[in-house]
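Protein chains in written order, with this note's numbering: chain Y, 76 to 189; chain B, 2 to 117. To start, the structure under review is shown below, and the notes come after it.
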Amino acid sequence: ETGVTQTPRHLVMGMTNKKSLKCEQHLGHNAMYWYKQSAKKPLELMFVYSLEERVENNSVPSRFSPECPNSSHLFLHLHTLQPEDSALYLCASSQDALELSEQYFGPGTRLTVT
Amino acid sequence: AQSVTQLDSQVPVFEEAPVELRCNYSSSVSVYLFWYVQYPNQGLQLLLKYLSGSTLVKGINGFEAEFNKSQTSFHLRKPSVHISDTAEYFCAVSPPFSGGYNKLIFGAGTRLAVHP
């Protein structure tokens, strides 16, 4: 595998379920990001991790819980979601979290909350 | 605060025709500017970026963009498009010294549809 991978690619879950999204980067980067891409809306930055430490939580509801066990892996744990949380969730990584460091994106997980 | 406006949600064009995708930004400070492309079922890929220097920036796949500070615009152009250019295009800004980390603010995207 190369670049940034995300699993699963598609996920359907009920509002009472608990699920997790996984992201893995094979680029040797030290920073990882979660974005939410909703239809007809700009990408929204959710979380930023630098060297496994969270450096940004962009006012995201607590039903989304990120985890970064090491610099190659990033998870997004989901519980008691709402239908409006249905979206494409994109993971990205960059060499570091400093400005000008190019972000590389994964293909995303398409989440549908029923 | 910074914001990005992509003026067209969809742009249909015939193959081999020129295309311009428009992007305007709002910021009280200097910003860095980017264009990303998202092909179907894929993540975003960087097309080009403006950091400083020449206002005409060349990117991959024959695309270029021109930074116009007075009009706060960063329009993307290609002189002759191919079917394979069909994708969603995103303009983004990054304010310098934004809390020390890499913060991208995206526009809503423009869907480019190239027809034969």
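Ideal Cβ positions, reconstructed from N, Cα and C, are used throughout, including at glycine. Every value quoted in this text rests on a predicted model; they were computed, and no experiment measured them.
Item	Value
Determine the chain Y residues that contact residue 42 of chain B at a beta-carbon separation under 7 Å, and present them in chain order.	182
Could you please tell me which residues of the segment 44 to 70 of chain B, in chain order, have their CB closer than 9 Å to any CB of chain Y?	44, 45, 46, 47, 50, 52
How about the segment 165 to 177 of chain Y and the segment 75 to 88 of chain B: do they share at least three Cβ pairs that are nearer than 8 Å?	no
Within the same chain, show all residues whose beta-carbon is closer than 7 Å to that of residue 63 of chain B, passing over the 5 residues directly before and after it, in chain order.	79
Where does residue 115 of chain B land, buried or exposed, given buried means 16+ other C-beta within 10 angstroms?	buried
Taking CB distances under 8 Å as the criterion, tell me whether residue 177 of chain Y reaches chain B.	yes
May I ask you to list, following chain order, the residues of the segment 140 to 170 of chain Y that have a beta carbon less than 9 Å from some beta carbon of chain B?	165, 166, 167, 169
Could you tell me the alpha carbon to alpha carbon distance between residue 120 of chain Y and residue 110 of chain Y, rounded to whole angstroms?	5 Å
What residues in its chain sit with their C-beta under 6 Å from that of residue 45 of chain B, if we drop five residues either side in the sequence?	37, 39
So which residues on chain B does residue 115 of chain Y lean against when the C-beta distance must stay under 7 Å?	109
In the DSSP assignment, find the beta strand (DSSP E) that holds residue 21 of chain B and state where it starts and stops.	20 to 22
Could you give the distance in angstroms between the alpha-carbon of residue 133 of chain Y and the alpha-carbon of residue 77 of chain B?	29 Å
Grab me the residues of residue 129 of chain Y's own chain with a C-beta within less than 8 Å of its C-beta, minus the 5 sequence neighbours each way, in chain order.	122, 123, 141, 143
Can you tell which of B:47, B:12, B:74 has the C-alpha that lies nearest to the C-alpha of residue 56 of chain B?	B:74
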